[in-house]
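The sequence shown begins at 32 in our numbering and counts up by one.
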Amino acid sequence: MEQLFWINVSMVVFVFAGYPIVTWLLSRLVVRPVDKAPTEPAVTIVIAAYNEAENIEATIRNKLEQDYPPDKLDILVVSDASNDGTDDIVAAFGSRVRLLRQEARAGKTAALNLAVREATGDVIVFSDANSLYDPSAVRLLIRNFHDESVGYATGRMVYVDADGSIIGDGCSAYMRYEHWIRTWESRLGSVVGVDGGLDACRRQLYRPMRDDQLPDFVLPLSVVENGYRVVYEPEALLREESLSSSSDEYRMRVRVATRALWALWDKRHLMNPFRYGHFAFQLATHKLLRYLAFVFLIVALLLNLALLNEGPVYVLTMALQVGLYVLAGIGSLPLFKSPPTFLALPHFFVLLNVANAHALIKVLAGKKVTVWAPRTG
């Protein structure tokens, strides 16, 4: 029992700390630099929108103001059966922006499939309807495609916390952690996760996806399947306001994890190390084990309870575990306008793992996600 306890503890430590350390070390031994250089291919920015009247005008203006040749920048908005005036706002931009409409609501993935069929750019940039780019974001992202081995590039998301809520703080810290890992993975060859608000793909590498598939995950994996790299561009910035409600954040995380677990099942052959080398290790550890880490956490807690009489070390490990969950519980209470990191991080960590457990239950029940309400999960 003791051995099983320490195996589970070790798995948790490895998933969240060991993997980043190993990746950092490998990225200094095996470096595949990206041959970045100014390049200006024709670009189509695709924005999928469902009832985004509140955000779509600012998002489109933001894209029109990009530091990129206007004659090489095409903006295409797909309205997923919006009924709040989104279409009218887009149409008001006239010939500068193209509007497509899905008459029957089918979700973001179906919207992207429709848009790419109509895209004219050699490179497709995918934007969320509330994503605001820095003026140089597209240019900085596109320079990665000077390297012919690059098939997909992703930028850096910065969460803007409007009210100092705990989700914003925890989420921002988590994203910084993810950005470090992506930097090291990119040096090795390819990253295994992207944000979805500022991504670019060579049009010829786009593969239509099922409506229930997660484009931010399935498409980059398809690019790797085709022998191209997926790289991270930390200087290309987008800004999105974090969700201020724990319930909204939780629903969003359950949705993303559900679709990601289905994607891992669909692309499970990529975890074959004899065919895909260290990328298989990255995918299995950074994604699969990360989504299943709640199993190790639960087993470690239950075994620790059974081992409390086996020595002071188990009293200490139980105190550490209980302390983590107590801090997470306090962090869930609306006690602070701007909560300290020592509360924000445990709260966000536990929220993620509970959401992942919920997602796995949905997957085992055969449930899939196709459509959802923006920013409410």
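C-beta: ideal position from N, C-alpha, C; glycine also.
Being a predicted model, the structure only gives us computed values, none of them experimental.
Bridge partner(s) assigned by DSSP for residue i
i, result
"T214", "Partner(s): none; T214 has no beta bridge."
"L252", "According to DSSP, L252 bridges with nothing at all."
"R260", "V181"
"F157", "V77 and D230"
"I106", "I76 and V128"
"L163", "R270"
"D118", "None, per the DSSP bridge assignment."
"Q133", "D111"
Supposed contact pair residue j and residue i - C-beta distance, whole angstroms, cut 8 Å
i, j, result
"S126", "D118", "With a Cβ gap of about 16 Å, S126 and D118 do not count as contacting."
"L252", "L301", "6 Å"
"L250", "R241", "In fact, because the Cβ distance is near 12 Å, the residues do not count as touching under 8 Å."
"L292", "L391", "6 Å"
"G224", "H317", "7 Å"
"L334", "N86", "L334 to N86, Cβ: 47 Å. No contact."
"D178", "D102", "Going by Cβ atoms, the distance from D178 to D102 rounds to 24 Å, so no, they are not a contact pair."
"V189", "L319", "No, V189 and L319 are not in contact; Cβ-Cβ is about 27 Å, not under 8 Å."
CA nearest to the CA of residue i, picked from the options
i, options, result
"Y20", "L229, D242 and S253", "Because the chain in this structure spans residues 32 to 408, residue 20 falls outside the shown range and cannot be described."
"L382", "N303, G360, A135 and T372", "G360"
"P64", "L395, L269, L219 and R321", "L219"
"N144", "L269, L314, V108 and R290", "V108"
"T401", "L339, R290 and N340", "R290"
"D165", "G224, A135, T90 and W211", "T90"
"S278", "N39, F379 and E209", "F379"
"V128", "T151, G182, A68 and L336", "T151"
"G397", "P371, D102 and W296", "W296"
"E134", "L320, T348 and S113", "S113"
"K399", "D243, L347 and G362", "D243"
"L104", "S217, M206 and D153", "D153"
"L163", "R207, R270, W215 and R260", "R270"
"L57", "E341, F312, L376 and G354", "F312"
"F176", "T70, E272 and A122", "T70"
"W215", "V261, R170, G182 and L351", "V261"
Rounded straight-line distance, which links the Cα of residue j to that of residue i
i, j, result
"T140", "P343", "53 Å"
"L172", "A231", "7 Å"
"L130", "V74", "16 Å"
"S180", "F248", "19 Å"
"R234", "A168", "19 Å"
"E266", "R187", "7 Å"
"L338", "L35", "11 Å"
"W403", "A137", "10 Å"
"A142", "L374", "39 Å"
"V77", "I120", "16 Å"
"H309", "L364", "42 Å"
"V326", "V394", "15 Å"
"G195", "R299", "With a pLDDT of 41 at G195, under the threshold of 50, the modelled position of this residue cannot be trusted, and the question is left open."
"H210", "V222", "10 Å"
"L60", "R321", "25 Å"
"Y205", "P304", "28 Å"
"S41", "Q352", "14 Å"
With a threshold of 8 Å, are at least 3 pairs of Cβ atoms found where one atom belongs to the segment 153 to 165 and the other to the segment 91 to 103?
These segments touch.
Pairing CB atoms from the segment 280 to 295 with CB atoms from the segment 371 to 391, are three or more of them under 8 Å?
These segments touch.
Does the segment 70 to 90 come within contact of the segment 40 to 57, defined as at least 3 CB pairs closer than 8 Å?
No, they do not touch.
Report yes or no: do the segment 346 to 364 and the segment 242 to 258 share at least 3 C-beta pairs separated by less than 8 Å?
Contact between the segment 346 to 364 and the segment 242 to 258 is absent, because fewer than three Cβ pairs lie under 8 Å.
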